[in-house]
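Sequential numbering from 0 applies to the sequence shown in numbering that gives the first Met the number 0. Even glycine gets a Cβ: it sits at the ideal position worked out from N, Cα and C.
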Amino acid sequence: MHKHTLHRWQHTHRFLPENAHGERATYRVIALTLAMMVVEISAGVAFGSMALLADGWHMGTHAVALGITALAYHFARRHADNPRFSFGTGKVGELGGFASAVVLAVIALIMAVESVQRLLSPLPIRFNEAIAVAVIGLVVNLVSAFMLRDRHRHSHGAGPAHHHDHNLKAAYLHVIADALTSLLAIVALATGKIFGWVWMDPLMGIAGAVIITRWSYGLMKDTGKVLLDRDVDPQLI
Numbered sequence: 000m001h002k003h004t005l006h007r008w009q010h011t012h013r014f015l016p017e018n019a020h021g022e023r024a025t026y027r028v029i030a031l032t033l034a035m036m037v038v039e040i041s042a043g044v045a046f047g048s049m050a051l052l053a054d055g056w057h058m059g060t061h062a063v064a065l066g067i068t069a070l071a072y073h074f075a076r077r078h079a080d081n082p083r084f085s086f087g088t089g090k091v092g093e094l095g096g097f098a099s100a101v102v103l104a105v106i107a108l109i110m111a112v113e114s115v116q117r118l119l120s121p122l123p124i125r126f127n128e129a130i131a132v133a134v135i136g137l138v139v140n141l142v143s144a145f146m147l148r149d150r151h152r153h154s155h156g157a158g159p160a161h162h163h164d165h166n167l168k169a170a171y172l173h174v175i176a177d178a179l180t181s182l183l184a185i186v187a188l189a190t191g192k193i194f195g196w197v198w199m200d201p202l203m204g205i206a207g208a209v210i211i212t213r214w215s216y217g218l219m220k221d222t223g224k225v226l227l228d229r230d231v232d233p234q235l236i
């Protein structure tokens, strides 16, 4: 009688040291994002600024999205040696990356809808205040991207043992998407203030939504391949 076991494949998806580095970087970015959220909401209440309040709550949703990444890291690390996970917990990161990609797509959809509404029914814009908020948001997100970029780059090795940390890539794309939104907002607000082109603000919002949707689709595709074991390296079978 033949006995069939799973030992042959139990090393396939594991929580690697690179994942621990990514987890720590993600926690630091979440802390920075939450701190910025508190500052913006407090300033918005103190100065009666709706722009600051809106951006503060936007930072909050951003922190929730990053929380998915952190939760996936925590779960994968905590259960890394749990025998009930026959193939390890490496795919938890891929699942977190896929979930983050879905959240990113939803954010892009909301951006597009709000931008179209603003395009059809323009609202008065307090340009100086809005530009200041956008600049602050851009700086915070560039710092966050830098904190995640180094680990994102080093999570790609060479050779057949090459490892893609799609969970970290998801966090990186979230802050890059937010930075892109801030940059496009600065351009739109500046042209609106100088030339009176108020339609530039919603137009840039639509452009940003299209770009973010493409990034989201790419991340869904990459993580989906891993989750469904598509195009698996024959050497690992």
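With a threshold of 16 other beta carbon atoms within 10 Å, Asp200 meets it and is buried. For Ser120, the three-state secondary structure derived from DSSP is coil. Counting every other CB atom within 10 Å of its CB across the protein chains shown gives Leu119 a total below 16, marking it as exposed. The Cβ neighbour count for Leu122, taken over all protein chains shown within 10 Å, is under 16; the residue is labelled exposed. Rounded to the nearest angstrom, the gap between the Cα atoms of Tyr171 and Ala71 is 15 Å. If you check the CB distance, Ile29 and Ala169 do not come in under 9 Å.
Following the DSSP letters along the chain, one finds Val209 inside the alpha helix (DSSP H) bounded by residues 199-226. Going by beta carbons, Ala178 and Gly136 fall inside the 9 Å limit. Straight through space, the alpha carbons of Leu182 and Lys192 are spaced by roughly 15 Å. CA-CA distance, Val102 to Asn166, rounds to 13 Å.
For Ile109, the number of other beta carbons within 10 angstroms of its own is below 16, and it is reported as exposed. Apart from the 5 residues on each side of it in sequence, Thr60 sits with its Cβ closer than 8 Å to the Cβ of Ile106 in its chain, given in chain order.
Beta-carbon to beta-carbon, Val225 and Met203 are separated by about 34 Å, too far to satisfy the 8 Å threshold. Shown here, Gly195 sits in coil according to DSSP, grouped into three states, outside any helix or strand. Note on Trp196: under 16 other CB atoms within 10 angstroms of its CB, so exposed under the neighbour-count rule. Asn127 sits exposed, since fewer than 16 C-beta atoms from the chains shown fall within 10 Å of its C-beta. A distance below 7 Å between beta-carbons, with the five flanking residues on each side excluded, links Ala100 to the following residues of its chain, in chain order: Ala169, Ser215, Leu218, Met219, Thr222.
In this structure, Met146 and Ala24 form a Cβ contact; the two beta carbons are roughly 5 Å apart against a cut-off of 8 Å. By the neighbour-count criterion, in which a residue is buried when 16 or more other Cβ atoms sit within 10 angstroms of its Cβ, Phe97 is buried. In the structure shown, the three-state DSSP call for Arg148 is helix.
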